[in-house]
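Q: Here it is: the structure, laid out below.
Chains as they are written, first to last, in this note's numbering: chain A, 8 to 447; chain B, 8 to 447.
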């Protein structure tokens with residue numbers, strides 16, 4: 008047996024699944040590297056929630072509140088213990104609380120059976136894509152620029168999403184309609200359209216009510232599902248437009264839910280609302296949620312009951328009103344957004360702004376805005392920005408699966424202080440001015 | 008726009024991904040249904056851990072212990088808070104503790120960078136399969152009968168695993184060798200072999216040390232990776248054989264780790280040890296763990312920091328010795344296994360046993376054993392067993408991806424009391440006797 012090769016196994020990356028070479032990952036790694044290399048820079052890159060309102064002791068109180076709730080509901084000591092320690096139901100053990108909360112906060116009225124509790128919104132998205140993208144011709148359309156998690160999840164399944172590019176004013180249904188026609192002409196079958204209708208990541212745009220209705224009509228007419236991802240609504244100030252799911256009269260919307268921004272990211276608890284009816288050949292019926300649950304059993308088995316307990320305790324604390332838990336947070340983010348817009352106005356007054364070719368949108372909420380600049384906002388520009396001006400941002404081109412956004416950047420306002428914002432925008436203005444001069 | 012179709016969306020199951028029609032899911036659903044329909048039956052079906060040693064207050068202590076550990080390591084209050092509330096690193100924030108524990112308990116010596124913390128062992132398995140099964144010709148071999156989670160995860164990726172059937176004495180390397188040849192003759196490229204070497208689920212068999220060495224040599228010679236899943240070792244009484252990973256001198260083993268049986272299922276924390284070197288075309292190197300982490304970022308983003316904190320607190324409580332935390336549990340399961348074997352002996356004495364054609368293996372640990380019976384142990388037989396005799400078991404045929412095990416059943420001993428076991432085996436004996444008479 009000594010003749011056996013004892014060299015360590017070496018794998019060639021080209022032999023691994025293509026998803027490990029997803030360009031999105033390289034760009035994200037690059038961004039992290041820059042952030043580490045320039046720790047003194049003000050960074051408008053990460054979209055992570057502000058953490059100043061988190062309180063460690065609260066976690067313990069939330070978990071206890073949920074356990075007390077079980078006791079009040081008649082659970083024995085053994086049942087309470089198992090609700091925390093054992094495997095739970097694959098579809099989730101807090102589905103009723105989630106459904107109640109959606110009714111309170113979002114006017115979304117679904118039975119608990121239509122809810123699947125997932126390991127964050129990302130798993131909800133992944134499960135939904137796996138269920139719907141079954142054949143080589145099945146296609147996924149995405150509003151673009153788009154969240155990298157959706158392209159990444161699709162590529163894990165060997166699917167390259169088709170971009171439907173936003174206009175300067177945001178998503179337009181007519182563009183999707185045209186894309187559907189083009190897809191069919193290529194022999195593809197559009198199955199789903201992914202969109203963040205409110206304060207989108209990355210652009211910050213919000214879909215109008217008229218476009219929402221038009222999109223729902225289009226989905227019914229052209230027979231596809233809408234995958235609605237809307238994590239920033241309840242942490243945004245003021246009244247929000249109705250979700251697509253609240254307007255959905257014919258079950259065209261799978262609503263992908265996240266508690267990462269509204270409760271806390273560390274729970275890794277999200278959900279899918281999938282009330283679509285699935286029929287099999289002999290007339291048997293189930294909900295799409297049941298089918299997602301089956302897939303989930305092969306990906307993560309179930310979502311941590313410990314995490315679900317913490318989330319449930321929070322929902323119980325506010326009688327399901329997640330919005331109520333977030334009044335302070337929404338005000339904080341609203342102030343940050345107003346501050347960044349004001350600083351941009353001050354740093355780029357008219358007519359200099361137009362002469363320079365700089366412009367930005369003015370989101371009413373969310374974490375992000377888009378800034379158009381008169382030069383290529385690429386990785387090389389990012390390095391100069393960090394090195395020479397001490398300010399970091401995200402190239403918008405990262406968010407276009409099929410190219411685009413070369414002269415735009417994404418600014419995130421979610422966790423910066425007012426002082427950081429003032430200093431960061433001043434630095435950004437100096438960077439932009441020098442780049443514009445350089446480009447001339 | 009009133010002309011639009013307003014009928015609710017109805018999806019045809021045949022148009023969803025084939026994984027939702029995985030026969031494994033139907034059989035598991037059937038088993039659950041039977042369990043619910045006959046609540047008075049003694050059930051040898053579920054493989055869930057015994058919960059009598061769980062204590063709710065412990066959870067809080069474990070989380071606090073981890074947070075204290077961070078403070079002792081110099082973390083600020085903000086860092087401690089964020090370790091619980093924020094997104095954490097995709098590869099996991101307790102990788103060092105996991106690596107330390109593996110060194111203490113299992114003589115597995117890897118750097119923390121080779122560890123990926125996952126949402127249970129199932130996600131570790133899924134990520135590894137996604138990374139390795141890249142091309143249509145790439146194939147996965149599984150020791151059979153096998154855990155349904157591996158066939159299910161492979162089918163999500165469109166891969167049908169190839170069975171390598173265990174002999175009565177367990178896995179034989181020669182059978183795998185023959186299967187590899189057959190795979191290559193079919194134009195397929197074997198990439199990995201999945202096996203539970205210790206107290207296997209479902210059969211209860213354990214691979215000898217000689218077969219372990221032979222398997223490692225075969226993997227090196229034939230250039231495939233071994234996926235080692237071994238969740239029952241540290242909850243089994245007595246000395247365990249070395250893991251494949253501890254014997255692995257040339258990085259042929261990806262070790263898939265679970266804390267579901269050793270700590271608690273509700274954490275949903277597992278891990279992969281993937282220290283294989285991956286080289287890209289321009290000579291760049293990474294570890295397979297890095298590639299799994301990339302894939303994870305598109306499936307679940309990261310594993311709940313709250314769950315990781317609870318697990319870390321438990322590891323810290325025992326200085327990494329998971330085995331030490333499980334002395335009582337291992338004794339409990341050991342007693343249960345001894346009891347079931349003794350009761351079987353009493354209920355089926357020789358020479359009646361041989362005349363009847365009943366036999367079973369005698370696992371030294373784990374949750375499961377195999378019982379061969381002289382009739383088809385199918386769903387219809389299971390219904391008769393539950394209905395007429397008040398005893399439930401799992402048809403072994405559920406665990407053969409390509410057919411087999413028709414006259415065997417799996418008995419699980421993990422959570423039954425001694426009294427349940429005595430009563431259950433008596434009922435089972437009556438059932439088997441009546442079925443044998445019926446079959447004649």
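Every residue gets a Cβ at the ideal spot worked out from N, C-alpha and C, and that includes glycine.
#1: Helix, strand or coil: which one does DSSP assign to residue 201 of chain B?
#2: Under 8 Å by Cβ, that's how I've got residue 115 of chain B and residue 16 of chain B pegged, so tell me the actual separation to the nearest angstrom.
#3: Go through the stretch 122–201 of chain A residue by residue and report every complete run of the alpha helix (DSSP H) that reaches 4 residues or more, in order.
#4: Who does residue 97 of chain B pair with in a DSSP beta bridge?
#5: Against chain B, with Cβ distances strictly below 8 Å, would residue 12 of chain A count as a contact?
#6: Between which two residues does the beta strand (DSSP E) holding residue 264 of chain B run?
#7: On the criterion of 16 or more Cβ atoms from any shown chain inside 10 Å, does residue 176 of chain B qualify as buried, or is it exposed?
#8: What number of angstroms, rounded off, separates the C-alpha of residue 327 of chain A from the C-alpha of residue 73 of chain A?
#9: Are residue 311 of chain B and residue 274 of chain A touching if we call contact CB-CB under 8 Å?
#10: Take residue 133 of chain A and list the residues in its own chain whose beta-carbon comes closer than 6 Å to its own, dropping the five residues that flank it on each side.
#11: Can you find the residues in the same chain that come closer than 8 Å, C-beta to C-beta, to residue 370 of chain B, ignoring five residues on each side of it along the sequence?
#12: To the nearest angstrom, how far is the alpha carbon of residue 126 of chain A from that of residue 270 of chain A?
#13: Compute the Euclidean distance between the alpha carbons of residue 331 of chain A and residue 325 of chain A, then round it to the nearest angstrom.
#14: Could you tell me the alpha carbon to alpha carbon distance between residue 403 of chain B and residue 149 of chain B, rounded to whole angstroms?
#15: Over what stretch of residues does the beta strand (DSSP E) that includes residue 277 of chain B continue unbroken?
#16: Take every Cβ of the stretch 277–293 of chain B, pair it with every Cβ of the stretch 350–363 of chain B, and state whether three or more of those distances are shorter than 8 Å.
#17: Taking buried to mean at least 16 other C-beta atoms within 10 Å of its own C-beta, is residue 143 of chain B buried or exposed?
#18: Excluding five sequence neighbours on each side, which residues of the same chain lie with their C-beta closer than 8 Å to the C-beta of residue 379 of chain B?
#19: Among the residues of its own chain, which have a CB less than 6 Å from the CB of residue 145 of chain B, if the five just before and after it don't count?
#20: Can you find a CB in chain B that lies within less than 8 Å of the CB of residue 173 of chain A?
#21: Between which two residues does the alpha helix (DSSP H) harbouring residue 353 of chain B extend?
#22: Mapping DSSP to helix, strand and coil, what is residue 363 of chain A?
#23: Name, going along the chain, the residues of the stretch 305–320 of chain A whose beta-carbon falls closer than 8 Å to a beta-carbon of chain B.
#24: For residue 168 of chain B, return the contacting residues in chain A, with the cut-off set at a CB-CB distance below 7 Å.
#25: Contact between the stretch 255–267 of chain B and the stretch 228–239 of chain B: three or more CB pairs below 8 Å?
#26: List the residues of chain A whose Cβ lies closer than 9 Å to the Cβ of residue 243 of chain B, in chain order.
#27: Tell whether a beta-carbon distance below 8 Å holds between residue 279 of chain A and residue 131 of chain A.
#28: Under 7 Å, CB to CB, which of the residues in the stretch 31–42 of chain B have a partner in chain A?
#29: How far does the beta strand (DSSP E) with residue 107 of chain A in it reach, from first residue to last?
#30: Can you look up residue 236 of chain A in the DSSP assignment and give me helix, strand or coil?
#31: Helix, strand or coil, according to DSSP, for residue 213 of chain B in the structure here?
#32: Report the neighbours of residue 388 of chain B on chain A: residues whose CB is nearer than 9 Å to its CB, in chain order.
#33: State yes or no: is the C-beta of residue 373 of chain A within less than 8 Å of the C-beta of residue 151 of chain A?
#34: List the endpoints of the continuous alpha helix (DSSP H) containing residue 47 of chain A.
#35: Contact between the stretch 157–174 of chain A and the stretch 286–306 of chain B is defined here as three or more beta-carbon pairs at a separation below 8 Å; is this criterion met?
#36: Residue 86 of chain B and residue 77 of chain B - do their beta-carbons sit closer together than 8 Å?
A: So, from the listed chains and residues:
#1: On the second chain, residue 201 of chain B is found 194 positions in, with the first residue counted as 1. Looking at residue 201 of chain B - three-state DSSP - the assignment turns out to be strand.
#2: As a first step, residue 115 of chain B must be located in the second chain, where it is residue number 108. As a first step, residue 16 of chain B must be located in the second chain, where it is residue number 9. Under the criterion of beta carbons closer than 8 Å, residue 115 of chain B and residue 16 of chain B do not qualify as touching, at roughly 50 Å.
#3: Runs found: 127–139, 155–163, 180–192.
#4: Position 90 of the second chain, counted from the first residue, corresponds to residue 97 of chain B. None, per the DSSP bridge assignment.
#5: Counting from 1 along the first chain, the entry for residue 12 of chain A is found at position 5. Since pLDDT at residue 12 of chain A reaches only 49, below the 50 mark, its modelled position is unreliable, and no value is offered.
#6: In the second chain, the residue the question calls residue 264 of chain B occupies position 257. Run containing residue 264 of chain B: 260–265, per the beta strand (DSSP E) assignment.
#7: Within the second chain, the letter at position 169 stands for residue 176 of chain B. Counting Cβ neighbours within 10 Å, residue 176 of chain B comes out exposed, since fewer than 16 surround it.
#8: Here residue 327 of chain A is taken as the residue at index 320 of the first chain, counted from 1. Here residue 73 of chain A is taken as the residue at index 66 of the first chain, counted from 1. Cα to Cα, the separation comes out at about 13 Å.
#9: Counting from 1 along the second chain, the entry for residue 311 of chain B is found at position 304. Counting from 1 along the first chain, the entry for residue 274 of chain A is found at position 267. Note that the C-beta distance between residue 311 of chain B and residue 274 of chain A is below 8 Å.
#10: By one-based count along the first chain, residue 133 of chain A stands at place 126. Excluding positions up to five away in sequence, the list reads 160.
#11: What you label residue 370 of chain B is simply residue 363 of the second chain in a count that begins at 1. Only 206, 211, 212, 213, 344, 376 meet the Cβ criterion.
#12: Here residue 126 of chain A is taken as the residue at index 119 of the first chain, counted from 1. Here residue 270 of chain A is taken as the residue at index 263 of the first chain, counted from 1. The C-alpha of residue 126 of chain A lies about 14 Å from the C-alpha of residue 270 of chain A.
#13: On the first chain, position 324 is the one that residue 331 of chain A refers to. On the first chain, position 318 is the one that residue 325 of chain A refers to. Cα to Cα, residue 331 of chain A sits roughly 7 Å from residue 325 of chain A.
#14: Mapped onto the second chain, residue 403 of chain B falls at position 396. Mapped onto the second chain, residue 149 of chain B falls at position 142. Using only the alpha carbons, I get a separation of about 16 Å.
#15: Along the second chain, read from residue 1 onward, the residue named residue 277 of chain B stands at position 270. Here the beta strand (DSSP E) through residue 277 of chain B covers 277–280.
#16: Here the stretch 277–293 of chain B makes no contact with the stretch 350–363 of chain B; the two share fewer than three CB pairs at distances below 8 Å.
#17: As a first step, residue 143 of chain B is located in the second chain; it is residue number 136 there, counting from the start. When all chains shown are included, residue 143 of chain B counts as exposed.
#18: Reading the second chain from its first residue, position 372 is the one you call residue 379 of chain B. 364, 365, 366, 367, 414, 415, listed in sequence order.
#19: Counting from 1 along the second chain, the entry for residue 145 of chain B is found at position 138. Cβ within range, chain order: 196, 198.
#20: Translated into the one-based positions of the first chain, residue 173 of chain A becomes position 166. So no, residue 173 of chain A is outside the interface.
#21: Here residue 353 of chain B refers to the residue found at position 346 when the second chain is read from its first residue. Unbroken alpha helix (DSSP H) run through residue 353 of chain B: 334–354.
#22: The count along the first chain starts at 1 and reaches residue 363 of chain A at position 356. In the three-state reduction of the DSSP assignment, residue 363 of chain A falls in the helix class.
#23: From the stretch 305–320 of chain A, only 305, 306, 307, 308, 309, 310, 311, 312, 313, 314, 317 have a Cβ closer than 8 Å to chain B.
#24: In the second chain, the residue the question calls residue 168 of chain B occupies position 161. Taking a Cβ-Cβ cut-off of 7 Å, residue 168 of chain B has no neighbours in chain A, whose nearest Cβ is about 13 Å from it.
#25: In short, these stretches touch, since the Cβ pair count reaches three.
#26: Numbered from its first residue, the second chain carries residue 243 of chain B at position 236. Using a Cβ-Cβ cut-off of 9 Å, residue 243 of chain B is close to nothing in chain A; its nearest Cβ partner there is about 20 Å away.
#27: Against the first chain, residue 279 of chain A aligns to sequence position 272. Against the first chain, residue 131 of chain A aligns to sequence position 124. The criterion of a C-beta distance shorter than 8 Å is satisfied by residue 279 of chain A and residue 131 of chain A.
#28: Of all residues in the stretch 31–42 of chain B, 32 have a Cβ within less than 7 Å of some Cβ in chain A.
#29: The sequence position of residue 107 of chain A within the first chain is 100, counting from 1. Following the DSSP letters along the chain, one finds residue 107 of chain A in no beta strand (DSSP E) but inside the alpha helix (DSSP H) bounded by residues 102–113.
#30: Counted from its first residue, the first chain places residue 236 of chain A at position 229. Assignment of residue 236 of chain A by DSSP, reduced to helix, strand and coil, places it in the strand class.
#31: Position 206 of the second chain, counted from the first residue, corresponds to residue 213 of chain B. The answer is coil: DSSP assigns residue 213 of chain B none of H, G, I, E or B.
#32: For the purposes of this step, residue 388 of chain B is taken as residue 381 along the second chain, with counting starting at 1. Neighbours of residue 388 of chain B on chain A: none; closest Cβ ~24 Å, over 9 Å.
#33: By one-based count along the first chain, residue 373 of chain A stands at place 366. By one-based count along the first chain, residue 151 of chain A stands at place 144. Not in contact: residue 373 of chain A and residue 151 of chain A (Cβ atoms no closer than 8 Å).
#34: In the first chain, counting from the first residue as 1, residue 47 of chain A sits at position 40. Bounds of any alpha helix (DSSP H) do not take in residue 47 of chain A, whose DSSP letter is neither H nor E.
#35: Yes, the stretch 157–174 of chain A touches the stretch 286–306 of chain B.
#36: Mapped onto the second chain, residue 77 of chain B falls at position 70. Mapped onto the second chain, residue 86 of chain B falls at position 79. For residue 77 of chain B and residue 86 of chain B, yes; Cβs fall inside 8 Å.
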